[in-house]
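Numbering (our numbering), first residue to last: 6 to 183.
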């Protein structure tokens, strides 16, 4: 029976990763976007994700401190497990690690590869190891408006063709659409 449950869970994960996250207990608002593989850790039911959240490839939620295992011979019931809370309108870049007990505010961008070990306040862009705030989300928005290629409304091949034209690239999409 256990094998059948695991197979069903893996199929659900591939077919609908958002539904899988809900199935394993992640508390979520509406409009969750998952891009690639996300590790929800061993206690997904203490993770809360707000509305309009984008989580990208390789993000890891770690809700407990495994280092306690070294000291359980001295304190058998030693346990450090803490919830992770993500606010509304949040983007979490590739390969970010979220450590136990962190809270990410509303309107926050976490840069790729960051290790979030402390709370990130509302309206922030945080990057690095450990993650630290480098600017406000409003400052980031001003910057990207100036740098925008204005192609974000396009999808798939149409966007690729526009990017190829913009950059003068003639190599084609290498068959990714055929």
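Just so it is clear, CB atoms sit at the ideal spot from N, CA and C, and this is done for glycine as well. These figures come from a predicted structure and were not determined experimentally.
For the putative contact between residue 118 and residue 131, defined by C-beta atoms under 8 Å, what is the C-beta separation to the nearest angstrom?
Stepping through the chain shown from its first residue, residue 118 is reached at position 113. Stepping through the chain shown from its first residue, residue 131 is reached at position 126. 12 Å between Cβ atoms; not a contact.
Quick check on residue 174: buried or exposed, where buried means 16 or more other Cβ atoms within 10 Å of its Cβ?
Position 169 of the chain shown, counted from the first residue, corresponds to residue 174. Exposed, by the Cβ-count rule.
Strictly by DSSP, which residues pair up with residue 96?
Position 91 of the chain shown, counted from the start, is the residue given in the question as residue 96. The partner list for residue 96 (beta bridge, DSSP) reads 59 and 114.
Excluding the five sequence neighbours on either side, which residues of its own chain have a C-beta within less than 6 Å of the C-beta of residue 126, listed in chain order?
Sequence index remark: in the chain shown, residue 126 carries index 121 (1-based). Counting only Cβ-Cβ distances below 6 Å, and skipping sequence neighbours, we find 110.
Tell me whether residue 156 sits in a helix, a strand or coil according to DSSP, three-state version.
Reading the chain shown from its first residue, position 151 is the one you call residue 156. Looking at residue 156 - three-state DSSP - the assignment turns out to be coil, as it is neither helix nor strand.
How about residue 54 and residue 37: are their beta carbons less than 7 Å apart?
Locating residue 54 in the chain shown gives position 49, where the first residue counts as 1. Locating residue 37 in the chain shown gives position 32, where the first residue counts as 1. Yes, the Cβ-Cβ distance between residue 54 and residue 37 is below 7 Å.
Pull up the DSSP beta-bridge partners for residue 137, would you.
Locating residue 137 in the chain shown gives position 132, where the first residue counts as 1. In DSSP, residue 137 forms a bridge with 132.
Identify every residue that forms a DSSP beta bridge with residue 86.
Taking the first residue of the chain shown as position 1, residue 86 is located at position 81. In DSSP, residue 86 forms a bridge with 69.
I'd like to check one pair, residue 108 with residue 94: are the Cβ atoms closer than 7 Å?
Counting from one through the chain shown, the residue named residue 94 turns up at place 89. Counting from one through the chain shown, the residue named residue 108 turns up at place 103. Contact flag unset, no.
Taking DSSP as the reference, what is the three-state secondary structure of residue 32?
Taking the chain shown and counting its residues from 1, the one referred to as residue 32 is at position 27. Here residue 32 sits in strand by DSSP.
Pick from 143, 162 and 74: whose alpha carbon is nearest that of residue 82?
Indexing the chain shown from 1 puts residue 82 at position 77. The candidate whose alpha carbon is nearest that of residue 82 is 74.
Taking the beta strand (DSSP E) that residue 37 belongs to, which residues open and close that run?
Taking the first residue of the chain shown as 1, we reach residue 37 at position 32. Looking at the DSSP string, the run of the beta strand (DSSP E) that includes residue 37 is 37-39.
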